[in-house]
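To keep things clear, I will list the structure first and then write my remarks on it.
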Amino acid sequence: MGALLAALGLLGCLVLITLRLTYPFELEWLEGITLFSIERLLEGRPLYVQPDFTWSPLPYGPLYFQGASLLAWVGAEGFLAPRLLSLIATLGLFVLLGVLGSGVNRKGILWGVQGLVAAGFLALAYPFCGAWLDLARPDALALFFMLAAFWNHQRSRARSGWFPSALTVLLALAAYHTKQTTLLPLLGFLVADFKRSRIPLCGFVVGLPVSLALASVWTSGWYEFHTLELLWGHGLYWPGAWEFVQRDLIFSAPIWILALLGMHGSSRAQVGLFVGGFAASCLGRLHPGGYDNALLPLVICAAPLASEGWSRRPQLGNLMLAVLLGLGLWTTADLVPSAQDRLAGEALVQRIGALEGEVFSPAHGSLLARAGKQPQLHLMSWMDLSASDAGLELARDLVDQLEERLSRGQLRHAVVGAPGDPAEAEFVALLRRHLPDLERLLPESGPGAMVPASGAQRRPELLLSTPDRGN
């Protein structure tokens, strides 16, 4: 029964990912800035530079963007390149969870079934983790590197020499330099298993600051600024603690309850990974802007132990899998964009392309690029800068640059979201002073509304223009 439920979860997850993979517009509003990162790398331009009105990077390491740029270089176009990399990483996560879950064979359970269940936990959690694994975002690749480091550490029990430890360190560094949220799970299993992990732990503790220092020197300090100083200055969003308790812990309860049942007799490293994943998910919710993807570290780090709990209490485990399947079915609505959304997107691109002059869109620059316009400052980059004391002055300077361009008539149109969106409020207030004419581009709801399938419900709703737009 458990194997069947896990298999259904895996099949359903892969079907959803396949249906979403080639959607030509943003599944989540931050996917567009990933495309611009890839474009810069293909053009030989650096990612980590002083922010200006044309570019400021996301506060993550470069490995995901570099990997996606390789796929784009060999022919994958648009969102397909980064989403394909995320899909490959997700398949790698399923395989690693299958191997880790199959590492223990007890009570006559057929070899591999427990591994199937471990992978099934992640697949069944895909919908209520924000449907994030296949997005043009670094999460899946970072978590793959993290889990690969843990798997290599576990299998090195039977291996000698320096290479296994060196490989663990390299994979751990790759995870961190893809996305920093992997730091706590990495330290979790390395510290918990200190007797066996002294060499890789020391290697990681030394290698991390060295790699950060080298990257900062290479980028004249901007790598450190974007990936450390800005994030450190963001502070904590304490209401996120309540979101973590009343949503994340409830939705993931079947997994972490089984993980607790599977802890007795498990290795210190497995327990440390679980605790680190729990802490990373909680911290992800406490970070300003934390979303449902914050739950992914907890789910992935708990899955091997949860499969062990399932093997010890199969009836309870099967019930938990059934609950997860029900939750998944309940939360899968609207995860796949409709044909009307595609048509609305194409019409929107044509409408933007027909506008005279430059167009500004703080949250949807990928539409501008598709319409042949030059994308400008991205809203997320401005939010990251303005939320930190380290970047506040730069953020104000970018707003001044925007107002100067508007005053000179260099920007005659802007595509923005809903009037009540607090994130865009400062931009919209400034834009309305210079671009008073308003046109609704998308319906508020229903077919063709282009409501994002994942993430915040931020979409290109309104066109602001000068009175003499002539269109």
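Residues -17 to 453 (the working numbering) are what the sequence shown spells out, left to right. Where is the CB? At the ideal position from N, CA and C, for every residue including glycine.
- Beta-bridge partners assigned by DSSP to Leu420: Leu446.
- Three or more beta-carbon pairs separated by less than 8 Å link the segment 98 to 118 to the segment -12 to 7, which places the two stretches in contact.
- Burial check for Ile334: the Cβ neighbour count within 10 Å reaches 16 or more, so the residue is buried.
- Annotation for Ser289: Gly83, Gln96, Val99 and Ala100 place their beta carbon closer than 6 Å to its own, counting only its chain and skipping 5 residues before and after.
- The continuous alpha helix (DSSP H) containing Phe176 extends over residues Phe176 to Trp200.
- DSSP places Leu168 in the helix class (H, G or I) of the three-state scheme.
- If you look at Phe7, you'll find it isn't in any beta strand (DSSP E); DSSP assigns it neither H nor E.
- With a cut-off of 8 Å on Cβ pairs, the segment 369 to 389 is not in contact with the segment 432 to 441, counting fewer than three such pairs.
- Excluding its 5 nearest sequence neighbours in each direction, Leu165 has C-beta neighbours in its own chain below 7 Å: Tyr158, listed in chain order.
- Beyond the five residues adjoining it in sequence on each side, Arg137 comes within less than 8 Å, by CB distance, of Pro146 in the same chain, given in chain order.
- Collapsing the DSSP output to three states places Leu384 in a helix.
- Per DSSP, the continuous alpha helix (DSSP H) segment holding Leu98 begins and ends at Val95 to Ala107.
- Contact between the segment 262 to 274 and the segment 211 to 218 is present: 3 or more CB-CB pairs across the two stretches fall below 8 Å.
- A check of alpha carbon separations from Gly339 across Thr448, Ser293 and Tyr273 identifies Thr448 as the nearest.
- In this structure, the alpha-carbon of Asp366 lies about 20 Å from that of Ala262.
- By the C-beta criterion, the segment 72 to 79 is judged not to be in contact with the segment 403 to 423, since fewer than 3 inter-stretch pairs fall below 8 Å.
- The beta strand (DSSP E) runs lying completely inside the segment 275 to 306 and spanning 3 residues or more number zero.
- Inclusion of Gln322 and Leu287 in the CB contact set at 7 Å is not warranted, their separation being larger than that value.
- Looking at the DSSP output, Asp34 sits in a beta bridge with Trp37.
- Here DSSP, grouped into helix, strand and coil, assigns Leu317 to coil.
- If the five residues before and after Val31 are omitted, its C-beta is found closer than 6 Å to the C-beta atoms of Trp204, all from its own chain and listed in chain order.
- Closest in C-alpha terms to Leu169, from the list Leu444, Val281 and Met128, comes Met128.
- Excluding its 5 nearest sequence neighbours in each direction, Asn275 has C-beta neighbours in its own chain below 7 Å: Cys111, Gly112, Trp114 and Asp121, listed in chain order.
- Within the DSSP secondary-structure output, Glu340 pairs in a beta bridge with Leu393.
- Residue environment: Thr4 is assigned as exposed (fewer than 16 neighbouring CB atoms within 10 Å of its CB, all protein chains considered).
- Only buried fits Cys(-5), as 16 or more other CB atoms lie within 10 angstroms of its CB.
- A direct Cα-to-Cα measurement between Tyr46 and Ala118 gives close to 9 Å.
- Ranked by Cα distance from Arg139, the first of Leu40, Val410, Leu62 and Ser249 is Ser249.
- Contact check for Phe132 against Leu277 fails: the beta carbons are separated by 7 Å or more.
- Of the candidates Leu359, Val398, Leu446 and Ser427, the residue whose Cα lies closest to the Cα of Asp34 is Leu359.
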